[in-house]
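Novice: Numbering (our numbering), first residue to last: 548 to 1339.
Ideal Cβ positions, reconstructed from N, Cα and C, are used throughout, including at glycine.
The structure displayed is predicted, hence computed values, not measured ones.
Mind looking over this structure? Questions follow.
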Amino acid sequence: MERRASMTILPNTQDLGDATPVKSGFRLDVHDRLLIHGKPYRFLGMSGDNAELIPASGAGMTEVFPMGALARLSASGDIKHEVGYYLPDDLKPASAVAAFDFQPSNLVGKARVRFDAKLAQIKAIEDMEAEGILRPNKESIEAARSDIEKRAEEYFKAQATERDLIANEIANDGLPDRIRKGVRQNRGGGITRRVGLFSADYLRKLFARYKNEGVAALADDLSKSGNRTSPFRPEEQALLTDIVNGSYLTPERKSIKATVADVKRGFQAENERRDQEGLSPLRVPGRDAVRRTIKKLDRLTVLIARFGREEAMKKLRPVGKGLEVSRPGERVEMDEWCIDLLSIIRSAKLETVFGEEHLKALGLDGEKARWWLVAAIDCRTRICLGMKLTRNPSGSAARECLRMVVSDKGQWSDSVRACCAWSHAVVPEVLATDNGPGFKSRIFQNACLDLQMVFLRTIGGIPGMRGAIERLFHTAALGLMPRLVGRTFSNPRERGDYPAEDRACLDAEDVAFALVRWIVDIYHNTPHEGLGGRTPLEQWDADMESGNYPLRALPDARSKRLAFGNQVKRTVTREGITVMGIRYHSEDLALFYMQPGSKQVDVSWDQTDLGAIEVYLDGAWREVPAVHDRFRGLNLHVWLRARRALRAKSASRRAWEEEVVFKAIDDIEDLATDRSIAFGIVDTSISEKRLKEIESELFGTFRITETQSLRDDGQDAGREITPREPDPDRPVRTTTPRKASDDVPATPDVQNHQDTDQGPAAPGSSQELPPVKPATRPRTAWVPRKPKEDDQ
């Protein structure tokens, strides 16, 4: 394996005998060992400008490293060079021998403190010997104890301060007089670490060992001294272990105090048996012995025995930095949470939009209960991309939450008068959920497949696999729920005597307002530890400004209609297709109607936009718009409420003018958008079965007609009738005389006469007259015409 690099390194100029220069900042010898990324190598020789290294074990192929590669690895700290590692110990320098077996960083606790104290005293003695004021014998060291202590304190300091440096210069006459006069003297009151000097004889022996063996001679093994074996005999230890395992390692989770009592009873019973057999009694362990035995147990074994495998894995699983997500939308997590809040499952504002009957069908019956929240979060920016309130987890709630993920949510932030926008939307590359029934439903999985995203169901019962969304729920429980009245807390122990049901007074509208406002203005603007102190909004803006965009654009209206729509079967007629009382027609549909064969087709329509539908024609989905443009962007619930309002005016009326229908839609739509925040937050999806019932009930005989109006011809009001001569060939009709009191029906000419400028009367309009029963045909007689005189 060859590693190439280009880098110029100056060779080491020190004289190391016959060592081969590698021109990489250090020199190699055949007796040296190199650890590259933790793997040991031995130097074989040079091949041109390349160093040949072989694994230290001798097994494996020879690897060639260019000089530049070795230089780069050395500069990055990936190489550890051990000089003379393979030399015999008698040929190694004393410092080199010790360097292989000792490093001060391996000493911790009191062992490191003792090493530092010894090194400080030895360095002080070494300095005094170099200055010629001390000889390393017992008498000289004893006579200079005060000087050794003073010098050792300088070595014993962890860090030299500025005042220490100035004091040292003053002591050595290194400062001019004008500067020395301005230096302030040290004041007392500080904490000084003093060195406890060893005896003169011990220092003499320690100094001699230091000269022969290096700094490793100053380290001791006092931490390993002492008798650490158990004072109990093997049979006593075995019985103690058996009783502890049978008492402490149980799902009942006995305390240590109860285990101590079990140990005493167990040993007492064993001693009674041994006494009967004539054996010597066993010593009964005390509380400390039982505690030490419990502390020696493997923690994983203890947690599995007392709490179960899943709880043990959750507590002992190592925690790293988690998933590395590089761009928004790369991973989105979605989950369900039963909100710790009792509220009134009803809203007066929702009732004005949906009606009392429909609210009961949705489960919003006014009782006090807890809402479920389905939410989604982007793992890169921690932006909450969507949320839906629902009575119970369902596939429709999960699908509608996914719709919010891929849609702009500005209308809801505007409805609560939030200070920040909520326009964040992405198409997830990977959507991670748990194994809840809502996420396993057919409608949710089909929506994910239609949007061409990877759908990942994580292992159930392990919240850590969806850490981002679980943390969002925990943050909401700590930051939002305590501010609301009717909080239920996460468990009865935390709730205590709090009367959650008696204090529940918030309805669906209040809960939706609080959630949206908290998400948009508080959570998105709170610094997040996982984002390095940035807020979710700052992280999103930073990614957008740096060009770190999501990989895909948001889906168009047709893609959403196919992904989130309801599919039904309809029959194509010459009037098109009718869905929920709305007619849809297009040129493609007209051509299909003229072709031979079955006229039944598959239709996909979206409850949030009744302006168009998708019809499966000739192997492809084709968009078919509504005949009336007013239905574009209209929500199904608004249309149902408008239809109920029309039926309340006239239950028997079948044909309605479009002007009247559209005016009702405008009124209901304004009511829904202006008065109800929960209209888009609460899951109001209608099941397919219920949709069939509604369509049959409300739109079975309903149709919309065009509004007829008189046309202005630019003339004055009225009609000009031109006199004309009677037709002499017209037969004269004679009728049987009737009583004066009888009603004389209009003649057929009068009945059939109609102003051609007015056009036919629209059905259901004010011009439409009730049918008149035709009169009995009168008896007529033909009278010959009198000939003219010219004809005679």
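According to the neighbour-count rule (16 or more other Cβ atoms, all chains shown, within 10 Å of its Cβ), is I990 buried or exposed?
Specialist: Here residue 990 refers to the residue found at position 443 when the sequence shown is read from its first residue. Flag for I990 reads buried.
Novice: At a cut of 8 Å, does the segment 665-673 reach the segment 752-767 through at least three beta carbon pairs?
Specialist: Output reads yes: the segment 752-767 touches the segment 665-673.
Novice: Excluding the 5 residues flanking L1164 on each side, which residues of the same chain have their C-beta closer than 7 Å to its C-beta?
Specialist: Residue mapping note: residue 1164 aligns to position 617 of the sequence shown, counting from 1. Counting only Cβ-Cβ distances below 7 Å, and skipping sequence neighbours, we find D1135, F1139 and V1148.
Novice: For the beta strand (DSSP E) that V1171 lies in, which residues bound it at each end?
Specialist: In the sequence shown, counting from the first residue as 1, residue 1171 sits at position 624. Segment A1167 to P1172, the beta strand (DSSP E) holding V1171.
Novice: In the DSSP assignment, what residue or residues form a beta bridge with V1115?
Specialist: Here residue 1115 refers to the residue found at position 568 of the sequence shown. Answer by DSSP bridge pairing, in chain order: V1150.
Novice: Which residue comes first and which comes last in the alpha helix (DSSP H) that contains K804?
Specialist: If you number the sequence shown from 1, residue 804 lands on position 257. I803 to Q823 is the extent of the alpha helix (DSSP H) around K804.
Novice: What are the uninterrupted segments assigned as beta strand (DSSP E) that are 3 or more residues long and contained completely in the segment 962-987, given in chain order?
Specialist: Entirely contained in the segment 962-987, the beta strand (DSSP E) runs reaching 3 residues are, in chain order, 977-980.
Novice: If you run the structure through DSSP and keep just helix, strand and coil, what is S594?
Specialist: Against the sequence shown, residue 594 aligns to sequence position 47. It is a strand residue.
Novice: Below 8 Å on the Cβ atoms is my contact criterion, and I expect P1083 with R878 to pass it. Report the Cβ-Cβ distance as a whole number of Å.
Specialist: The residue given as residue 1083 occupies position 536 in the sequence shown. The residue given as residue 878 occupies position 331 in the sequence shown. Actually they do not touch by this definition, with Cβ atoms about 15 Å apart.
Novice: Rounded C-beta distance between I1233 and L936? I'm assuming under 8 Å.
Specialist: In the sequence shown, counting from the first residue as 1, residue 1233 sits at position 686. In the sequence shown, counting from the first residue as 1, residue 936 sits at position 389. So it is not a contact: roughly 16 Å between Cβ atoms.
Novice: For the alpha helix (DSSP H) that contains D674, what are its first and last residues?
Specialist: In the sequence shown, residue 674 corresponds to position 127, counting from 1. Residues K657 to A677.
Novice: Quick one: residues in its chain with C-beta nearer than 8 Å to the C-beta of S770, no 5 flanking neighbours on either side, listed in chain order?
Specialist: Numbered from 1 along the sequence shown, position 223 holds the residue referred to as residue 770. Taken in chain order, the residues that qualify are G656, K657 and A658.
Novice: On the DSSP bridge assignment, give the partners of K627 in chain order.
Specialist: Position 80 of the sequence shown, counted from the start, is the residue given in the question as residue 627. K627 pairs with L582.
Novice: I'd like to check one pair, A1059 with L1031: are the Cβ atoms closer than 8 Å?
Specialist: The sequence position of residue 1031 within the sequence shown is 484, counting from 1. The sequence position of residue 1059 within the sequence shown is 512, counting from 1. No, they are not a contact pair.
Novice: Report buried or exposed for Q650, applying the criterion of at least 16 other Cβ atoms within 10 angstroms of its Cβ.
Specialist: Residue mapping note: residue 650 aligns to position 103 of the sequence shown, counting from 1. Its Cβ having fewer than 16 others within 10 Å, Q650 is exposed.
Novice: State buried or exposed for D1103, treating a residue as buried only when at least 16 other CB atoms are found within 10 Å of its CB.
Specialist: One-based indexing of the sequence shown puts residue 1103 at position 556. Exposed, since its Cβ has fewer than 16 Cβ neighbours within 10 Å.
Novice: Would you give the residue range spanned by the beta strand (DSSP E) that E1161 belongs to?
Specialist: Working through the sequence shown from its first residue, we reach residue 1161 at position 614. D1156 to L1164 is the span of the beta strand (DSSP E), which, as asked, contains E1161.
Novice: So, under 8 Å CB-CB, F1111 and R1013 are touching, yes? Tell me the CB distance rounded to an integer number of Å.
Specialist: Residue numbering aside, residue 1111 sits at position 564 when the sequence shown is read from its first letter. Residue numbering aside, residue 1013 sits at position 466 when the sequence shown is read from its first letter. With a Cβ gap of about 23 Å, F1111 and R1013 do not count as contacting.
Novice: Could you check whether the segment 788-806 touches the segment 678-696, counting it as contact only if at least three pairs of C-beta atoms, one from each stretch, sit closer than 8 Å?
Specialist: In short, these stretches do not touch, since the Cβ pair count stays below three.
Novice: Out of V1185, A1159 and R1177, point me to the one whose CA is closest to R1169's CA.
Specialist: Within the sequence shown, numbered from 1, the residue matching residue 1169 stands at position 622. Among V1185, A1159 and R1177, the Cα nearest to that of R1169 is on A1159.
Novice: Around the Cβ of C931, are there at least 16 other Cβ atoms within 10 angstroms (buried) or fewer (exposed)?
Specialist: Here residue 931 corresponds to residue number 384 of the sequence shown, with the count starting at 1. Looking at its Cβ environment, which holds 16 or more other Cβ atoms inside 10 Å, C931 is buried.
Novice: Determine the DSSP secondary structure at T840, reduced to helix, strand or coil.
Specialist: Numbered from its first residue, the sequence shown carries residue 840 at position 293. Here T840 sits in helix by DSSP.
Novice: Report the three-state DSSP secondary structure of M608 (helix, strand or coil).
Specialist: Mapped onto the sequence shown, residue 608 falls at position 61. Coil at M608, not helix or strand.
Novice: Measure the alpha-carbon distance for V921 versus H1071 and round it to whole angstroms.
Specialist: Position 374 of the sequence shown, counted from the first residue, corresponds to residue 921. Position 524 of the sequence shown, counted from the first residue, corresponds to residue 1071. Straight-line Cα distance between these residues: approximately 18 Å.
Novice: What residues are listed by DSSP as bridge partners for P613?
Specialist: Here residue 613 corresponds to residue number 66 of the sequence shown, with the count starting at 1. DSSP output for P613 lists N597 as bridge partner(s).
Novice: Quick check on this structure: which residue in E799, V660 and L829 has the alpha carbon closest to the alpha carbon of V810?
Specialist: Along the sequence shown, read from residue 1 onward, the residue named residue 810 stands at position 263. When only C-alpha atoms are compared, the closest one is L829.
Novice: Given E689, which residues of its chain have a CB within under 8 Å of its CB, disregarding the five upstream and five downstream residues?
Specialist: In the sequence shown, counting from the first residue as 1, residue 689 sits at position 142. Excluding residues within five positions, the ones whose Cβ falls inside 8 Å are A747.
Novice: Does the segment 609-621 touch the segment 630-637, meaning 3 or more C-beta pairs lie closer than 8 Å?
Specialist: No, the segment 630-637 does not touch the segment 609-621.
Novice: Using C-beta distances below 8 Å, list every residue in its chain close to S827, excluding the 5 sequence neighbours before and after it, in chain order.
Specialist: In the sequence shown, counting from the first residue as 1, residue 827 sits at position 280. So the qualifying residues of the chain are R821.
Novice: If you follow the beta strand (DSSP E) that T937 is part of, which residue opens it and which one closes it?
Specialist: Reading the sequence shown from its first residue, position 390 is the one you call residue 937. Note, T937: beta strand (DSSP E), C931 to T937.
Novice: By alpha-carbon positions, which one of M608, S621 and K1236 ends up nearest to H584?
Specialist: By 1-based counting over the sequence shown, the position of residue 584 is 37. Measuring from the Cα of H584, the nearest candidate turns out to be S621.
Novice: Tell me where the alpha helix (DSSP H) around F1020 begins and ends.
Specialist: The residue labelled residue 1020 in the question sits at position 473 within the sequence shown. Looking at the DSSP string, the run of the alpha helix (DSSP H) that includes F1020 is G1014 to G1026.
Novice: Suppose the cutoff is 6 Å on Cβ atoms and the five residues either side in sequence are ignored; what does the same chain contact list for P975 look like?
Specialist: Taking the first residue of the sequence shown as position 1, residue 975 is located at position 428. For P975, where only same-chain residues beyond five positions count, the Cβ hits under 6 Å are G876, V879 and M1000.
Novice: Would you mind sorting M608 into buried or exposed? The rule is 16 or more other CB atoms within 10 Å of its CB.
Specialist: Numbered from 1 along the sequence shown, position 61 holds the residue referred to as residue 608. Classification for M608: exposed.
Novice: Please return the same chain residues whose Cβ sits closer than 7 Å to the Cβ of G1043, not counting the five positions on each side in sequence.
Specialist: Counting from 1 along the sequence shown, the entry for residue 1043 is found at position 496. The predicted position of G1043 is uncertain, since its pLDDT is 49 and thus under 50; no value can be drawn from it.
Novice: Which residues mark the beginning and the end of the alpha helix (DSSP H) in which Y749 is found?
Specialist: Taking the sequence shown and counting its residues from 1, one reaches residue 749 at position 202. Looking at the DSSP string, the run of the alpha helix (DSSP H) that includes Y749 is A747 to E760.
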